[in-house]
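Inspection log for the structure reproduced underneath, given as structure tokens.
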Amino acid sequence: MAQWRDSLIQGWNQGWFDAPERLGDRLALLLGAAPGEVLVSDTITHNLYKLLGYITEGQGITEGQGRARPVILSEGGNFPTDGYIAQGFCRFGGFEHRVVPEGEALEACLDERVAAVVLSHVHYRTGRLRDMAAITHQVHASGAEVVWDLAHSAGALPVDLAACGVRYAVGCTYKYLNGGPGAPAFLYVRRDCQNQGWQPLSGWLGHAAPFAFEADYAPAPGISQFRTGTHSPLAFAALEASLTLWQGVDLAALRHKSQRLIALFRESLADCLGQHGLSDITPDEAQRGSQVGLMAPAHGHAIVQALIARGVIGDYREPGLMRFGFAPLYLSHEDVWQAARQLREVLSAGEHLAPRFQQRGAVT
Ligand SMILES: Cc1ncc(COP(=O)(O)O)c(C=O)c1O
Numbered sequence: 003m004a005q006w007r008d009s010l011i012q013g014w015n016q017g018w019f020d021a022p023e024r025l026g027d028r029l030a031l032l033l034g035a036a037p038g039e040v041l042v043s044d045t046i047t048h049n050l051y052k053l054l055g056y057i058t059e060g061q062g063i064t065e066g067q068g069r070a071r072p073v074i075l076s077e078g079g080n081f082p083t084d085g086y087i088a089q090g091f092c093r094f095g096g097f098e099h100r101v102v103p104e105g106e107a108l109e110a111c112l113d114e115r116v117a118a119v120v121l122s123h124v125h126y127r128t129g130r131l132r133d134m135a136a137i138t139h140q141v142h143a144s145g146a147e148v149v150w151d152l153a154h155s156a157g158a159l160p161v162d163l164a165a166c167g168v169r170y171a172v173g174c175t176y177k178y179l180n181g182g183p184g185a186p187a188f189l190y191v192r193r194d195c196q197n198q199g200w201q202p203l204s205g206w207l208g209h210a211a212p213f214a215f216e217a218d219y220a221p222a223p224g225i226s227q228f229r230t231g232t233h234s235p236l237a238f239a240a241l242e243a244s245l246t247l248w249q250g251v252d253l254a255a256l257r258h259k260s261q262r263l264i265a266l267f268r269e270s271l272a273d274c275l276g277q278h279g280l281s282d283i284t285p286d287e288a289q290r291g292s293q294v295g296l297m298a299p300a301h302g303h304a305i306v307q308a309l310i311a312r313g314v315i316g317d318y319r320e321p322g323l324m325r326f327g328f329a330p331l332y333l334s335h336e337d338v339w340q341a342a343r344q345l346r347e348v349l350s351a352g353e354h355l356a357p358r359f360q361q362r363g364a365v366t
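So the sequence shown is numbered by the working numbering: it starts at 3 and just counts up by one.
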């Protein structure tokens with residue numbers, strides 16, 4: 003990085019420092035958000051904690067009666083960090099954690115004691131897409147807030163936070179947005195919900211005057227209060243390059259292409275999955291994100307390893323799920339057709355049974 007070589011810390015005044023807000027504004031265009039409503043920052047894990055704290059501090063405590071809404075609701079079977087953070091937040095914040103059993107309707111658990119609900123827009127295992135507008139309306143009508151996790155929808159399909167009435171969301175940039183390994187996450191707070199109190203990770207860069215070095219915390223105005231500590235300009239530079247490519251992308255066309263790629267992959271494999279003990283759990287077109295899920299109870303991990311050895315990179319999630327993400331921005335129909343062909347060859351040759359594909363790394 004020439005900026006670091008030539009200017010050392012001067013780089014902070016040459017675009018590094020304001021990158022969380024600048025990149026947030028660029029990202030906003032892909033999320034149906036306005037400038038000043040998205041901050042690129044930390045990880046989804048941190049951002050969920052910040053938002054749960056911010057939301058519940060805003061709801062307040064009634065003198066002598068405690069909290070009117072002491073429950074944080076999360077969904078069973080969701081990506082683990084969402085539930086873990088709800089658990090940790092409840093443990094340290096004196097809240098009660100409640101879980102909606104996987105596959106059950108929200109209504110059964112959404113009562114007047116619920117403060118906030120954490121939900122995924124697209125489910126990380128099944129790829130199922132939720133009706134964000136209807137659920138947001140339902141949660142708000144119950145008097146609670148909802149934090150949407152956009153990890154599997156941002157950059158995969160059109161997301162319109164404003165049209166869906168969303169007030170709070172989090173997401174990552176290292177999946178469909180191609181920000182690179184370890185790229186920073188983001189959070190969204192609708193403008194009229196900003197400036198309502200503190201968030202719990204009250205770090206120095208979220209202070210109103212970080213370089214005044216004052217003894218007491220005072221939140222910065224607007225989305226900047228959701229900053230915590232020092233971010234990585236290297237990671238932000240990679241993400242900025244990616245977001246430049248995203249400028250002007252037609253999200254409706256992107257969605258159309260994602261659907262066609264998925265259809266091609268599934269159709270190319272439909273006749274051979276059953277005979278190898280595999281089943282396709284991908285939802286129908288209108289109800290899915292941009293991934294295909296194939297259940298392979300016996301050899302899922304080994305099949306994915308054999309495919310990776312052939313240059314087709316999917317991943318494996320316990321129990322038994324082979325997951326193929328379709329990044330529509332750069333994957334071609336030819337790529338997808340070749341991937342399906344490779345999978346057929348692996349299965350028919352029993353290639354995955356080789357001992358070298360039985361070893362597991364720390365990341366599957
Ligand atoms: C749906 C979902 N939420 C949260 C996370 C975790 O994100 P982070 O590592 O940025 O905290 C992931 C990671 O894959 C995810 O898929």
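Built from N, CA and C at the ideal position, the CB exists for glycine as well.
For residue i, which three-state DSSP category applies?
| i | result |
| --- | --- |
| F326 | strand |
| V251 | coil |
| E216 | coil |
| W18 | coil |
| Y332 | coil |
| E106 | coil |
| P295 | The sequence given here has Gly at residue 295, not Pro. Looking at G295 - three-state DSSP - the assignment turns out to be strand. |
| S281 | strand |
| E23 | helix |
| L275 | coil |
| L355 | helix |
| L112 | coil |
| D133 | coil |
Within a Cβ cutoff of 8 Å, which residues of the same chain sit near residue i, ignoring the five residues on either side of it in sequence?
| i | result |
| --- | --- |
| A135 | A165, C166 and G167 |
| V348 | I305, A308, L309, R312 and H354 |
Bridge partners of residue i, per DSSP?
| i | result |
| --- | --- |
| S76 | V101 and V120 |
| W200 | DSSP lists no partner for W200. |
| A156 | L159 |
| T64 | G68 |
Around the Cβ of residue i, are there at least 16 other Cβ atoms within 10 angstroms (buried) or fewer (exposed)?
| i | result |
| --- | --- |
| F326 | buried |
| I74 | buried |
| T366 | exposed |
| E147 | buried |
| Y51 | buried |
| F215 | exposed |
| V251 | exposed |
| P186 | buried |
| D8 | exposed |
| G363 | exposed |
| H258 | exposed |
Would you mind working out which of the options sits nearest residue i, comparing C-alpha positions?
| i | options | result |
| --- | --- | --- |
| S155 | S350, A329 and V348 | A329 |
| R346 | R268, S292, G291 and E320 | R268 |
| C92 | S350, V116 and E109 | V116 |
| N32 | L163, P82 and A143 | Correcting the residue type first, residue 32 is Leu in the shown sequence and not Asn. Nearest of L163, P82 and A143 to L32, Cα basis: L163. |
| Q289 | L131, E59 and P235 | L131 |
| A265 | G276, P285, R319 and Q5 | P285 |
| Y318 | W200, Y56, L271 and Q361 | Q361 |
| H233 | D44, A210, E23 and D337 | D44 |
| A300 | D151, E287, H278 and G129 | H278 |
| A237 | Q227, Y176 and T128 | Y176 |
| A356 | H303, D337 and Q340 | H303 |
| W248 | R229, G276 and Y178 | Y178 |
Tell me which same chain residues have a C-beta within less than 7 Å of the C-beta of residue i, skipping the five on either side of it?
| i | result |
| --- | --- |
| G78 | V101, V102, P103 and E104 |
Looking only at its own chain, which residues have a Cβ that is under 6 Å from the Cβ of residue i, when we skip the five neighbours before and after it?
| i | result |
| --- | --- |
| Q307 | F359 |
| G90 | none |
| P2 | Because the chain spans 3 through 366 in this model, residue 2 falls outside it and cannot be assessed. |
| C174 | I46, A153 and A187 |
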